[in-house]
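In the numbering used here, the protein residues as written are 1 to 313.
Written below as structure tokens is the structure these notes are about.
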Ligand code: CP
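As structure tokens, then:
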């Protein structure tokens, strides 16, 4: 079987993205199938996770695979000094595909170069979170009916937020206009602004966050300030509550505007927003299951036709 990694969203063409979204749509109709029966999926989490880990494990279970792995690297032989290379080679002996989250940027890419089995990047440092990106694209497509020509407002920690970096990269195919709303300390890194220029992606930068600024949004993508990435905790304290979305700030929002957030949230969305029809972050996380079922199929050579013709439902 051909090996397909899922390490960066930058590898995916527009056609491939739309293909995977169609596959996710099939899984939303029927999540429980036997397409991975007899397979073993490993989930190696060197960093904490709730949604990504559990939705990948659920995706594997719903597709009939069995799951091995760890959610705390302290319980693995990493603590005895085992290298990432050796860990990946060992797990490749047991599993058909490895899903991994690691705190080092590029760790999943490195693993994909040494592993004989496909690697799925479940987040590498502040770099990329491609499975989150696919579920974000699915959520945007599902709510807006298109990915083309949208106004996407990214708010909060744009420096360390790997989900916003992945989203910019994927949206290059769809002529978006981005609005970057961040304090100076957490501004979008120059490398991603340069990426936008190179790919003719329009963007506007703001420091203010209020009802007038967000009135033009189709998607309002909130992010958490990533405490774990700060070397200076005083700086974290200064910026941690800089933007809080409150319900009264939605008074000028477009009717079909959706608020997204990769979660977990800390303070950046007030709880009274949860009951507002613009709030979409809980459904967004549910969409992660369907997107991650599609990712496993992509990695293991199962096609959209296989999914459509599947008789196990
Ligand atoms: N969105 C996301 O990556 O959440 P977790 O850290 O809980 O997996």
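From the three backbone atoms N, C-alpha and C, an ideal C-beta is built for every residue, glycine too.
It should be emphasised that the depicted structure is a prediction, and the values quoted were computed from it without experimental measurement.
Buried or exposed by the 16-neighbour rule on C-beta atoms within 10 Å, applied to residue 298:
buried
Going straight from the alpha carbon of residue 306 to that of residue 98, what length do you get?
22 Å
Do you know how far the Cα of residue 251 is from the Cα of residue 277?
12 Å
Under 9 Å between C-beta atoms of residue 156 and residue 225
yes
With respect to the alpha helix (DSSP H) encompassing residue 211, which residues constitute its N-terminal and C-terminal limits?
Careful: residue 211 lies outside any alpha helix (DSSP H) and carries neither H nor E.
My parser needs the alpha helix (DSSP H) runs of 4 or more residues fully inside the region 271 to 306; what are they?
281 to 299
Closer than 5 Å: residues whose CB approaches a heavy atom of the ligand CP:
49, 50, 51, 52 and 262
Are the Cβ atoms of residue 219 and residue 168 separated by less than 9 Å?
no
Would you mind stating whether residue 43 and residue 57 have Cβ atoms separated by less than 9 Å?
yes
Identity of the residues DSSP links to residue 102 by a beta bridge
124
Tell me whether residue 43 sits in a helix, a strand or coil according to DSSP, three-state version.
strand
Would you check if the region 174 to 185 and the region 202 to 213 touch, i.e. whether three or more CB-CB distances between them fall below 8 Å?
yes
Does the distance from the CB of residue 107 to the CB of residue 134 come in under 9 Å?
no
From the DSSP output, which residues share a beta bridge with residue 199?
Paired residues: none, contrary to the question.
Residue 66 - DSSP class collapsed to helix/strand/coil:
strand
Can you find at least 3 beta carbon pairs, one from the region 281 to 301 and one from the region 25 to 36, that sit closer than 8 Å?
yes
Of the residues 65, 61, 100 and 49, the one placed nearest residue 5, counting alpha carbons only
100
Tell me whether residue 301 is buried or exposed, calling it buried when 16 or more other Cβ atoms sit within 10 Å of its Cβ.
exposed
For residue 253 and residue 272, what's the separation of their Cα atoms in angstroms?
16 Å
Cβ-Cβ separation, residue 229 to residue 160 (assumed contact under 8 Å), whole Å:
4 Å
Taking C-beta to C-beta, are residue 88 and residue 68 nearer than 9 Å?
no
From this set, 59, 279 and 52, which residue's C-alpha is nearest residue 123's C-alpha?
52
State the DSSP-derived secondary structure class of residue 37, mapped to helix, strand or coil.
coil
By how many angstroms is the C-alpha of residue 139 removed from the C-alpha of residue 246?
22 Å
By a C-beta neighbour count over all protein chains shown, 10 Å radius and 16 as the cutoff for buried, is residue 129 buried or exposed?
buried
Between residue 144 and residue 163, how many whole angstroms is the CB-CB distance? I'm expecting something under 8 Å.
That pair is no contact at about 18 Å.
Whole angstroms is fine: what's the gap from residue 261's alpha carbon to residue 174's?
20 Å
Through-space distance from residue 25 to residue 142, alpha-carbon basis:
9 Å
According to DSSP, which residues form a beta bridge with residue 205?
180
Compute the beta-carbon to beta-carbon distance between residue 221 and residue 227, rounded to the nearest angstrom, for a pair I have assumed lies under 8 Å.
No, residue 221 and residue 227 are not in contact; Cβ-Cβ is about 19 Å, not under 8 Å.
If you measure between the beta carbons of residue 188 and residue 217, is that distance less than 9 Å?
no
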